[in-house]
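Q: The sequence shown maps to residues 18 to 446 in this note's numbering. Quick one: the structure is below, questions incoming.
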Amino acid sequence: MSAFWNEKIETLPREELADLQLERLQVTLNRGYAKVDFYRQRFEELGFLPEDINSMEDLARLPCTTVNDLVEHYPYGLFSVPLKSIVRLKFSTAPRIRPLVIGYTQRDVQNWLEVMARHMIAMGIGVQDIIQIAFNYGLFTGAFTFNQAAELIGATVAPTSIASATIQIQIMQDFRSTVLATSPTFAMHIAETRERLGIDLDQTFLKIGLFGPEAMSPDVRRRLEERLRIQAYTVYGVNEMVEPGMAAECQEKSGLHLAEDHFYPEIVDPDSCQPLAQGQEGELVITTLTNEGYPLIRFRTGDITRLDFSPCPCGRTGVRMAPPLSRSDDLFMVRGISIHPKQVERLLREAAPEVESYRIIVRKRDGLNDQLELQVAYPENYVSEWYHTHALADDIRAHLRRALGLGVKVKLMEASNLAEDAGRVVFED
């Protein structure tokens, strides 16, 4: 089996890669200027024309694009092609107050699959493998991407979706699955279930774990590798572009190879959005280089990371990014679900408009058994009414579960106990 899916691109000398990036950047800027009102107005306000770009460094002259910019132009305001040219729509609400839609042309989808195929080959996955995909085939389009990319490289796909851990293990044994694609949280649940059922690792055939979208700490990786007897790899994506597939680890596990021929990365100061010196840690900003349907220019991902341009022993020349373990905004993740404090506040107001103050508690357990608790100050007229107080908690809890897809502990207390941290997110180990 070849160590590369597209060896020419994956091992392209840095000088040639820079030329390719500049050529594709100019196409992207021209597309944005000609086809997207938002970008044309922004360029004109700066007195900027796409031909003013002579190097990739010139890109820093442009302001960053934010999630709010995308939301404000919902649904199709940032599309650069007619809707009839779009073959896939990706809809997302969480963790925003309002939704957004990303559109992909046929070529965009093919590029996405091509990049994901590269990552799979880099992990050692090939035609001999049976890939068990334990992601929900719903609004998270990553499940479809894993599925189609696996078929592209000739592997066999077992789409087990959201089946229980017990059923996942049964299928794993019966089908002799060699690769498990899921979140680290669910993978650990599968490992714990296997141990509880007394199933020996010799009765399974797993070799590789392909994990996303949540971050995987070194300790979580170690525990997954030991308890499932696998090599665990991280796949990274950005919800507003491709998720997953923008970057992923190779067998060296020395950083995530970013597909630089499709995505141009910058590390910027989160306050100024200006580039930082090479090797510094900052916010990852991405410019799409080949997206036809939904081009994004200097998009702020919110992820804090750093880039490594040194050669990788695997032979790939693309830059590697460190796995992001923090954010530049208030976004946090609980059991693989991205949540924003404003989202929680909105849901609380919908369920119980009479509530005046609250506090969000996030108890971190390496992402595996994270707990989200909402501490709520009950209205004064509820203090002595036990039934109504507990009914209020039940209403809030049910509404949060429906909206977030996550169980939330709701604790009612007197307002005086929340005075110091009201409205805040408190993280507890």
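All C-beta atoms in this analysis are idealised placements derived from N, C-alpha and C, irrespective of residue type, glycine included. Remember, predicted model here, so these are calculated numbers, not experimental data.
1. How big is the Cα-Cα spacing for valine 144 and glycine 159?
2. Determine, using beta-carbon pairs with one atom in the stretch 229-245 and one in the stretch 193-209, whether at least three such pairs fall under 8 Å.
3. Taking the beta strand (DSSP E) that glutamate 257 belongs to, which residues open and close that run?
4. Count Cβ pairs between the stretch 318-337 and the stretch 351-363 that sit closer than 8 Å; are there 3 or more?
5. By the 10 Å Cβ neighbour count, where 16 or more other Cβ atoms means buried, how is lysine 101 classified, buried or exposed?
6. Does serine 200 get closer than 7 Å to chain B when you measure Cβ to Cβ?
7. When you compare the CB positions of tyrosine 281 and leucine 306, do they come within less than 7 Å of one another, or not?
8. Check the DSSP bridge columns for threonine 322 and list the partner residues they point to.
9. Helix, strand or coil for leucine 313, going by three-state DSSP, please let me know.
10. Looking at the strands, I want to know which residues DSSP matches up with methionine 350.
11. Is there contact here, the stretch 235-247 with the stretch 274-294, by at least three beta-carbon pairs under 8 Å?
12. Who are the near neighbours of threonine 122 in its chain, counting only those whose CB is closer than 8 Å to its CB and skipping five residues on each side?
13. Enumerate in chain order the residues of its own chain whose CB-to-CB distance from methionine 338 is below 8 Å, with the five nearest sequence positions on each side excluded.
14. Might you give, ordered along the chain, the residues of its own chain that have their beta carbon closer than 8 Å to the beta carbon of alanine 175, omitting 5 neighbours on each side?
15. CB-CB under 6 Å to leucine 417, same chain, minus the five flanking residues each way: which ones, in chain order?
16. For lysine 52 and leucine 63, I'd like the C-alpha separation in whole angstroms.
17. Quick one: give me the first and last residue of the beta strand (DSSP E) that methionine 430 is part of.
18. Could you give the distance in angstroms between the alpha-carbon of isoleucine 70 and the alpha-carbon of asparagine 23?
19. Buried or exposed: which applies to phenylalanine 444, given that a residue is buried once 16 or more other Cβ atoms fall within 10 Å of its Cβ?
20. Starting from glutamate 390, follow the beta strand (DSSP E) in both directions and report where the run begins and ends.
21. List the whole-angstrom C-beta distance separating isoleucine 138 from phenylalanine 222, where the pair is believed to meet the contact cut-off of C-beta under 8 Å.
22. Tell whether a beta-carbon distance below 7 Å holds between glycine 262 and methionine 140.
23. How about glycine 296 and aspartate 286: do their beta carbons lie closer than 7 Å?
24. First and last residue of the alpha helix (DSSP H) that includes leucine 63?
25. Measuring CB to CB, does valine 118 end up less than 7 Å from proline 92?
26. With DSSP as the reference, label serine 401 as helix, strand or coil.
27. Using beta-carbon positions only, say whether threonine 183 and threonine 210 come within less than 7 Å of one another.
28. Name the one or two DSSP bridge partners that tyrosine 375 has.
29. Let me make sure I understand the geometry here. Which of Leu37, Arg246, Leu169 and Glu257 has the alpha-carbon closest to that of isoleucine 314?
30. Would you report the Cα separation of lysine 428 and lysine 381, rounded to the nearest angstrom?
31. When the Cα atoms are used, what is the spatial distance from valine 379 to glutamine 392?
32. Please list, in chain order, all residues of the same chain as alanine 369 whose beta carbon is under 8 Å from its beta carbon, the five residues on each side excluded.
33. Comparing C-alpha positions only, which one of Gly335, Leu421 and Ser374 sits nearest to glutamine 360?
34. In the DSSP output, which residue or residues are listed as bridge partners for glutamine 149?
35. Is alanine 432 near serine 343, with beta carbons less than 7 Å apart?
36. So, methionine 73 versus leucine 39, is the Cβ gap smaller than 7 Å?
A: On the basis of the coordinates in this document:
1. As a first step, residue 144 must be located in the sequence shown, where it is residue number 127. As a first step, residue 159 must be located in the sequence shown, where it is residue number 142. C-alpha separation (whole angstroms): 20 Å.
2. yes
3. Reading the sequence shown from its first residue, position 240 is the one you call residue 257. Here glutamate 257 belongs to no beta strand (DSSP E), and DSSP marks it neither H nor E.
4. no
5. One-based indexing of the sequence shown puts residue 101 at position 84. By the neighbour-count rule (16 or more Cβ atoms within 10 Å), lysine 101 is not buried but exposed.
6. Absent here is chain B; the protein component of the structure consists of one chain.
7. Position 264 of the sequence shown holds residue 281. Position 289 of the sequence shown holds residue 306. Yes, the Cβ-Cβ distance between tyrosine 281 and leucine 306 is below 7 Å.
8. Here residue 322 is taken as the residue at index 305 of the sequence shown, counted from 1. Paired residue(s): Gly299.
9. Locating residue 313 in the sequence shown gives position 296, counting from the first residue. Coil at leucine 313, not helix or strand.
10. Here residue 350 is taken as the residue at index 333 of the sequence shown, counted from 1. Beta-bridge pairing links methionine 350 to Ser355.
11. no
12. The sequence position of residue 122 within the sequence shown is 105, counting from 1. Correct list, in chain order: Val98, Ser102, Ile103, Val104, Glu309 and Gly310.
13. Here the question's residue 338 lines up with position 321 in the sequence shown. Contacts found: Tyr253, Ala264, Gly272, Leu273, Leu275, Pro282, Leu301, Thr322, Arg323, Leu324 and Asp325.
14. Numbered from 1 along the sequence shown, position 158 holds the residue referred to as residue 175. Cβ within range, chain order: Ile147, Ile148, Gln149, Ile150, Ile188, Phe192 and Ser194.
15. Taking the sequence shown and counting its residues from 1, one reaches residue 417 at position 400. Around leucine 417: Leu364 and Val425.
16. The count along the sequence shown starts at 1 and reaches residue 52 at position 35. The count along the sequence shown starts at 1 and reaches residue 63 at position 46. Spanning the two alpha carbons is a distance of roughly 18 Å.
17. In the sequence shown, the residue the question calls residue 430 occupies position 413. 426-430 is the span of the beta strand (DSSP E), which, as asked, contains methionine 430.
18. Counting from one through the sequence shown, the residue named residue 70 turns up at place 53. Counting from one through the sequence shown, the residue named residue 23 turns up at place 6. Using only the alpha carbons, I get a separation of about 29 Å.
19. Locating residue 444 in the sequence shown gives position 427, counting from the first residue. Per the 10 Å Cβ criterion, exposed.
20. Within the sequence shown, the letter at position 373 stands for residue 390. Counting along the chain, the beta strand (DSSP E) containing glutamate 390 begins and ends at 388-394.
21. Here residue 138 is taken as the residue at index 121 of the sequence shown, counted from 1. Here residue 222 is taken as the residue at index 205 of the sequence shown, counted from 1. About 20 Å separates the two Cβ atoms, so there is no contact after all.
22. The residue you call residue 262 lines up with position 245 of the sequence shown. The residue you call residue 140 lines up with position 123 of the sequence shown. Result no, Cβ atoms of glycine 262 and methionine 140 do not sit closer than 7 Å.
23. For this step, residue 296 is matched to residue 279 along the sequence shown. For this step, residue 286 is matched to residue 269 along the sequence shown. Cβ distance not < 7 Å, so glycine 296 and aspartate 286 don't count as in contact.
24. On the sequence shown, position 46 is the one that residue 63 refers to. Element bounds for leucine 63: 54-63.
25. Taking the first residue of the sequence shown as position 1, residue 118 is located at position 101. Taking the first residue of the sequence shown as position 1, residue 92 is located at position 75. In this structure, proline 92 lies closer than 7 Å to valine 118 by Cβ.
26. Numbered from 1 along the sequence shown, position 384 holds the residue referred to as residue 401. Per-residue confidence for serine 401 stands at a pLDDT of 49, beneath the threshold of 50, marking its modelled position as unreliable; no derived number is given.
27. Taking the first residue of the sequence shown as position 1, residue 183 is located at position 166. Taking the first residue of the sequence shown as position 1, residue 210 is located at position 193. Yes.
28. Sequence index remark: in the sequence shown, residue 375 carries index 358 (1-based). Tyrosine 375 is bridged to Val393.
29. The sequence position of residue 314 within the sequence shown is 297, counting from 1. Isoleucine 314 has its Cα closest to that of Glu257, out of Leu37, Arg246, Leu169 and Glu257.
30. As a position in the sequence shown, residue 428 is number 411, starting the count at 1. As a position in the sequence shown, residue 381 is number 364, starting the count at 1. The alpha-carbon atoms of lysine 428 and lysine 381 are separated by roughly 18 Å.
31. As a first step, residue 379 must be located in the sequence shown, where it is residue number 362. As a first step, residue 392 must be located in the sequence shown, where it is residue number 375. Distance between the alpha carbons of valine 379 and glutamine 392: 11 Å.
32. Against the sequence shown, residue 369 aligns to sequence position 352. Val393, Leu409, Asp412 and Ile413.
33. Taking the first residue of the sequence shown as 1, we reach residue 360 at position 343. With distances taken between Cα atoms, glutamine 360 lies closest to Leu421.
34. As a first step, residue 149 is located in the sequence shown; it is residue number 132 there, counting from the start. Note: glutamine 149 sits in a beta bridge opposite Ala175 and Leu197.
35. Here residue 432 refers to the residue found at position 415 of the sequence shown. Here residue 343 refers to the residue found at position 326 of the sequence shown. No. Outside cutoff.
36. Against the sequence shown, residue 73 aligns to sequence position 56. Against the sequence shown, residue 39 aligns to sequence position 22. Contact: yes.
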